[in-house]
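A.B. asks: Once you've had a glance at the structure underneath, I'll fire off some questions.
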Amino acid sequence: MEDFPVHGLLPKRETQIESFLRKYPEYNGDGVLIAIFDSGIDPGAPGLERTPKGERKIVDIIDCSGSGDVDTSTVVKVDAEDNTITGITGRKLTVPSSWNNPSGDFYVGCKRLYSLFPTTPRRRVKKEFKEDEWDPAQQLALSKASANLLEEETKQGSTTKTEDQKLQLDDLKSTVECLKKFNEKYDDCGPVYDCVVFHNGEEWKACVDTTQTGKLENCQLMSSFHVNGEFGRFSDKDMVNYGLTVLDDGKRLSIVTNSSSHGTHVASISSAYFEDKPELNGVAPGAKIISMQIGDNRVDGMETGTALIRALKCAVDRKVDVINLSYGESSKWANSGRVIEMMNKIVAEHNIIFMSSAGNNGPALSTVGAPGGTSEFVIGVGAYVSPDMMAAEYSMPEKLPGNQYTWSSTGPSVDGALGVCITAPGGAITSVPNWTLSKSQLMNGTSMSSPNATGGVAVLLSALNKEGIPHSPRSIRRALENTASKIDGLSNLVQGYGLLQVEKAFEFMKEWVAADKCANHIFYQIRTMEGKRGLYLREYKDHNIPEKQTVIITPKFHKNTDNNLKIEFNLNLSLVATQSWVICPAHLNLQNKERGLVIEVRKAGLTQGVHYAEVHAFDTENINMGPVFRIPVTVVIPENINRLLPTTTEFDLGKLSYRPGQRLRKFFFVPHGATWAELVLSSDEKETDFRYIVHAVQLMADTAFIAYEFDKFLTVKANGTDNKMIFKVKGGSTMELCISRYWNLPGDSTLEGKLSFHGLKPDCGRIHMDGNQNYCRLNVTNEMSMEQISPKATLTHHVIPVAPKENVIRPLGEQDLLPDNEQIYSLEMTYNFNMAKAGEIIPMAPQFHDLLYENKYESQLWMLYDSNKYLIRSGDAFPIKYNYTCKVDKGDHVLRMQIRHSDLPSLEALKDMPIHLQVKLASNISCDVFSSRQDLLNKQKKFKEMTLNKEAFQPVYIAAPAEDKFPKGFKPGHKLIGTVSFSSTADKQSKYPFSMSAPQSKNSAEKKENKPEKSLEEQYANGMDEFFAQWFPKLLDSAMEKDIMERFTGSLTAQEAVLNALDSSKERMKNLKKITEAAQKILADIDSEKLLSYFGAKAHQTDEQIKLKEQMDKEKASYINATYKLGLAISDGLLEARQSEVPTEEAEFSIERLNECYHNLAKFVDSSDAKMQLLSARHGVAHGHYGRALKALLNHIDENGHTKEMASKVIEMVQKLGFAHIEEYLNKWQQVRFPNSYELF
């Protein structure tokens, strides 16, 4: 039996680490500090406790995102009587006698536990709690309630029921319904922990009350992690470990966890150490680690600009040697933006080596992500899988030749740079956080190849340091690239300069640094005349430019380089092109000044496909040291490039032959007018299913590659049917179609394919309808072959612009003070808005949409709250990509937004920036579509599917929807958005953005046109009513109350003002009798039967009827209000009497009168009306029917949102019903749903 290939679990042989450490065991990363910019590291994970020297492995764990921050700015003192302090939750916290606090000041705050948890442990703990705690109690309660209901139904039988019997039965049914409703909506919010911070005279100490009892002696008191490496665990159920950091002189506590298992795995690859099992070690077991969490739990663990900038600052402050970033996003342009500039700066000025994943978006070209594949000073790493990894990690029965993972991102970057610098093993089985309940786990990706290479760099730095060999990011990068091992069969665009070779890099550095005194001081900047970092000829227009291009070479010295060295710098360079179709000068003399050279790219004669070459510059005195710099040249020749105006729309791909992992690329100049493509693949394989990645990409200026990307993992079945795929394209641009065999299955295979382009193109890219017009016209052209056209126009969202109500710019604290004392400022804007009903919204900041690394500003973060300050959701740069849809209740909401930058004028320019709320319509609005204006005007013969011939066009008329289809509150400045599609066979792929602006509102004259004029007497009477309504509440309970009552209480408006004033007064309970009298007076003046009769009949629009309707509407509203408030007063009077145990003799406060109000109100409003719900609750309580009361309150909350008052009443009803488990559940939500303040940014 063969030994297990343990060396393949965390691969080190492939990069020469294993042999190098065997040769130099003391060069194991010792003395090197690695910063892991990631999701955070679990300090309790296996292999991350100690270095081989017994020192602490993890120097610090820092939450750079701010998602774990606690506002501890509230200062409290100890109550001497019981030695307690009061926490923010209201709990009494007993201070242990062992705590030494000379000042007596305790800084307190609180934190919701689940906000600190990654998704996996949160879901697991919630599931376990539900199964262990909630379900047994809930099932018992439901069983009892159902039995009670059945018993009552049996008892009452089918005989005619009395009113009391009906109410009793309804109460029992309501109880069962409420229990089911709680179960359906059950969502454990988790505990809220009190946090305490104080200074013991020497250092800051902090404690989290994980017991939730206030017994702090049973909790762990800790220093900031960096002091002594202390960390705690919330509980043995969740297994989530945490550390603490005290900031801002005690006013802010950072509780540091992690947002996923990713960061721990990455750290373990780079430098885990297992004393008893060295085969499981990371690449640099002697290196130390500092964890800088950039994954923000508030935005699902995504990195933010704030976190990245803070991490970069911290890397400089902590004198980090090498950074690993295994995060990234697609970007709209390369090597630009505030975050990228800061990354480049810390490498160039502070000599920190920066490694990053190239991305997992391959196999098509130009899919490298930011920053790994797009930034000048960041070393981007691709992902390789070796035969040993195949055996150990993937249990493959047959080893295949080493290969790049199929999905590993590929260069060049959009500005012509290579994109991928080097490659390293991209998979490992190693340590993960304790909360996974697993010791180790398999993960793969360039996220894993980057820390493997980072560990290799740490070993290299350790060796250089111990041998006294100076180095810098500039010399290290050249050493890595010039000594990497080429992987057979792969282009540089895929693998960069090859697989990392540490020993060779070490020997290179020893020889080169000794021979070149400028080696560590200089970087060579390559720029074309357009400011790009290489030549990238891909589009049709690129093939019409002159073949000779000027490239500027600029030596860039480190700012601290001695001026004499700059003067002495003089290189005689030999220039060599790696391909014959690139012509360059033979020599170049370079001093400390930019030089231009002309490169000729002879495209004629190049075959269809991608061609890559480089111009290498060799120092004539050190030829064996490899290129001093390289100029990358990429040329793409489409299949149909030789046609000036390509008209071919169908292509036979022929027979495509594959070996494992092989990538076959074809390029097509997409014909003008094409809007979608259809790809059909088939195979004649008889026995084996093969897996492929189908990847199509087009590149557009200032647009990320994902905008026109189609990728699909496709399993082609043996003897299977055709595989048909339809995807969006844009005419007039080159498209790559890359069909790659997946890397992990042996054997050769073949495919056959056909590609065709189709198009139904409107004459505008974004379709807009002016709301003041009743239609818009489009001309849809078909420049392809014959197509069926079937337009559909649909509006899906209501876009509401909201301007900030408040804004403030403030300087941030020391955590946000950059190196060189550059101050970061925060622009904080507050937006208020109201939702007329519950729904779904997506907050959008259009200026920052889809911008992160390339953004001019450092970061943006918004936090959406309800009126109770409950945080609903947070969002950042990618609202659509990461689905920042927020479910919101009816009522008021607050959105707070923070934008950060060090440039004050840039922030000042944004102080009035509106946000856009995309509110999902309750139901989509379909607009009628017509094929002619005559049909539009006649509103007949809607557009039916028809054939549109090649080179033909068809007018399309989209009619505006009827006004009654508009959402409530749709007004000028707003718009509706959706899509228009033109093809039923390619509905998704033929969609275009569609918007409609709100029409101008009718002017007041038009509104009043049909409204009869009021007489002078009527206007006077109305004015006096308004005067009374304004002044009576102020005069209530004063000496003038009687006088004003005698003068003005004749009208219905005045009577209602009296009722409302009494009902809302501070002395309401003392005025219950007055309230009932005022309500009865109103009801006595209104004929309810006449009202019912009127509203049951069809109204007419004569002047008399309009006047009558106004009066009847007013009377109806007054009747409903009086009946409702009368009912409330009666119920309160009844309940007050019962509580005092003194029978009431007041006829106004009888149960019969309450029943009468209840039934009268039900005649005019339905059960969903807020007044009916609240009166139903009081009616239920008065009858002892707490199930009915609870149902009414829950329905009211569903319709109108949460308030603290309603929540307390629900808890009271639950107590009455004896549901202790629901009471406990709701009390936990009370702390979460009604916080004292907004959360910190």
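Residue 701 in the working numbering is what sits at position 689 of the sequence shown, and the numbering runs on without skipping anything.
A virtual CB, placed ideally from N, CA and C, is assigned to each residue, including glycine.
Predicted, not measured: the structure shown is a model, and the values here were computed from it.
Out of Pro-683, Ala-689, Ser-695, state which residue places its alpha-carbon closest to the alpha-carbon of Ser-669.
C.D. replies: Here the closest residue by C-alpha is Ser-695.
A.B. asks: Cys-530 by DSSP, collapsed to three states: which one?
C.D. replies: Correct three-state label for Cys-530: coil.
A.B. asks: Measure the alpha-carbon distance for Val-393 versus Glu-493 and round it to whole angstroms.
C.D. replies: Their Cα atoms are separated by approximately 11 Å.
A.B. asks: Just mark Gly-116 as buried or exposed, buried being the case when its beta carbon has 16 or more other beta carbons within 10 Å.
C.D. replies: When all chains shown are included, Gly-116 counts as exposed.
A.B. asks: Could you check whether the region 706–719 touches the region 638–649, counting it as contact only if at least three pairs of C-beta atoms, one from each stretch, sit closer than 8 Å?
C.D. replies: The region 706–719, when compared against the region 638–649, does not touch it at the 8 Å Cβ threshold.
A.B. asks: How would you label Lys-849, buried or exposed, when you count the other beta carbons within 10 angstroms and need 16 or more for buried?
C.D. replies: It counts as exposed.
A.B. asks: Within the continuous beta strand (DSSP E) that includes Tyr-877, where are the two ends?
C.D. replies: Counting along the chain, the beta strand (DSSP E) containing Tyr-877 begins and ends at 871–878.
A.B. asks: Mind checking Asn-572: buried by the 16 CB within 10 Å criterion, or exposed?
C.D. replies: The residue in question, Asn-572, is exposed, as its Cβ has fewer than 16 Cβ neighbours within 10 Å.
A.B. asks: Give a yes or no on whether 7 Å exceeds the smallest Cβ distance from Val-252 to chain B.
C.D. replies: Chain labels in this structure do not include chain B; a single protein chain is all it has.
A.B. asks: Let me know if Arg-677 comes out buried or exposed under the rule of 16 or more other beta-carbons within 10 Å of its beta-carbon.
C.D. replies: Buried is the call here.
A.B. asks: For the putative contact between Thr-793 and Gly-685, defined by C-beta atoms under 8 Å, what is the C-beta separation to the nearest angstrom?
C.D. replies: So it is a contact: roughly 6 Å between Cβ atoms.
A.B. asks: Can you tell me which of the three DSSP states Pro-437 falls into?
C.D. replies: Residue state, collapsed to three classes: strand.
A.B. asks: Alpha helix (DSSP H) containing Ser-1324: first to last residue?
C.D. replies: Residue numbering for the chain in the displayed model covers 13 to 1253; residue 1324 lies beyond these limits and cannot be assessed.
A.B. asks: List in chain order: all unbroken alpha helix (DSSP H) runs of 4+ residues lying wholly within the region 20–101.
C.D. replies: Fully enclosed alpha helix (DSSP H) runs of 4 or longer: 29–35.
A.B. asks: Within 10 angstroms of its Cβ, does Ser-1016 collect 16 or more other Cβ (buried), or is it exposed?
C.D. replies: Note that Ser-1016 scores a pLDDT of 43, beneath 50, so its modelled location is shaky and nothing firm can be said.
A.B. asks: Please classify Glu-795 as buried or exposed, where buried requires at least 16 other C-beta atoms within 10 Å of its C-beta.
C.D. replies: So Glu-795 ends up on the buried side.
A.B. asks: CB-CB under 7 Å to Pro-926, same chain, minus the five flanking residues each way: which ones, in chain order?
C.D. replies: Correct list, in chain order: Pro-813, Val-814, Ala-815.
A.B. asks: Count the other CB atoms within 10 Å of the CB of Ser-1249; is the residue buried (16 or more) or exposed (fewer)?
C.D. replies: With fewer than 16 other Cβ atoms within 10 Å, it is exposed.
A.B. asks: From Ala-159 to Pro-148, what does the alpha carbon distance come to, in whole angstroms?
C.D. replies: Approximately 17 Å between the Cα atoms of the pair.
A.B. asks: Using the Cα positions of Met-747 and Tyr-548, report the straight-line distance between them to the nearest angstrom.
C.D. replies: Between Met-747 and Tyr-548, the C-alpha separation is close to 15 Å.
A.B. asks: In three-state terms, what does DSSP make of Cys-219?
C.D. replies: Cys-219: strand per DSSP, three-state reduction.
A.B. asks: For Phe-1161 and Ser-1143, I'd like the C-alpha separation in whole angstroms.
C.D. replies: Their Cα atoms are separated by approximately 7 Å.
A.B. asks: Give, in chain order, every unbroken run of the beta strand (DSSP E) that is at least 3 residues long and sits entirely within the region 821–890.
C.D. replies: Listed in chain order, the complete beta strand (DSSP E) runs (minimum 3 residues) inside the region 821–890 are 837–847, 851–856, 871–878, 883–887.
A.B. asks: Suppose you measure from the CA of Ala-465 to the CA of Ile-611; what does that come to, to the nearest Å?
C.D. replies: Distance between the alpha carbons of Ala-465 and Ile-611 is about 33 Å.
A.B. asks: Report all residues from its chain with a CB closer than 6 Å to the CB of Ser-484; omit the five preceding and five following residues, and keep chain order.
C.D. replies: So the qualifying residues of the chain are Asn-363, Asn-532.
A.B. asks: List the endpoints of the continuous alpha helix (DSSP H) containing Ser-669.
C.D. replies: Not the alpha helix (DSSP H): Ser-669 falls in the beta strand (DSSP E), residues 662–670.
A.B. asks: Can you check which of these residues, Leu-324, Asn-950, Asn-372, is closest to Asn-356 by C-alpha distance?
C.D. replies: Residue Leu-324 is the option with its Cα nearest to Asn-356.
A.B. asks: For the alpha helix (DSSP H) containing Asn-576, list its first residue and its last residue.
C.D. replies: Element bounds for Asn-576: 575–580.
A.B. asks: Under 7 Å, do Val-906 and Ile-853 count as touching if we go by C-beta distance?
C.D. replies: It is not a contact, given that the beta carbons lie outside the stated cut-off.
A.B. asks: According to DSSP, is Ser-280 part of a helix, a strand, or is it coil?
C.D. replies: Correct three-state label for Ser-280: helix.
A.B. asks: Short check: CB of Gln-620 to CB of Leu-502, under 7 Å?
C.D. replies: Not closer than 7 Å, so no.
A.B. asks: Is it a yes or a no for the region 237–249 touching the region 276–292, going by three-plus beta-carbon pairs under 8 Å?
C.D. replies: Segments in contact, no.
A.B. asks: Taking only the alpha-carbon atoms, compute the straight-line gap between Arg-1080 and Ala-1073 and give it to the nearest angstrom.
C.D. replies: Distance between the alpha carbons of Arg-1080 and Ala-1073: 9 Å.
A.B. asks: Ignoring anything shorter than 3 residues, give me the beta strand (DSSP E) runs that lie fully in the region 604–640, in order along the chain.
C.D. replies: Listed in chain order, they are 607–613, 621–631.
A.B. asks: How would you call Glu-1018, buried or exposed, if buried means at least 16 neighbouring beta carbons within 10 angstroms?
C.D. replies: Low per-residue confidence applies at Glu-1018: pLDDT is 47, beneath 50, and the placement is therefore not dependable, though the value from the model is reported in the following sentence. That one is exposed.
A.B. asks: In the DSSP output, which residue or residues are listed as bridge partners for His-8?
C.D. replies: Absent from the structure is residue 8, since the part of the chain shown begins at 13 and ends at 1253.
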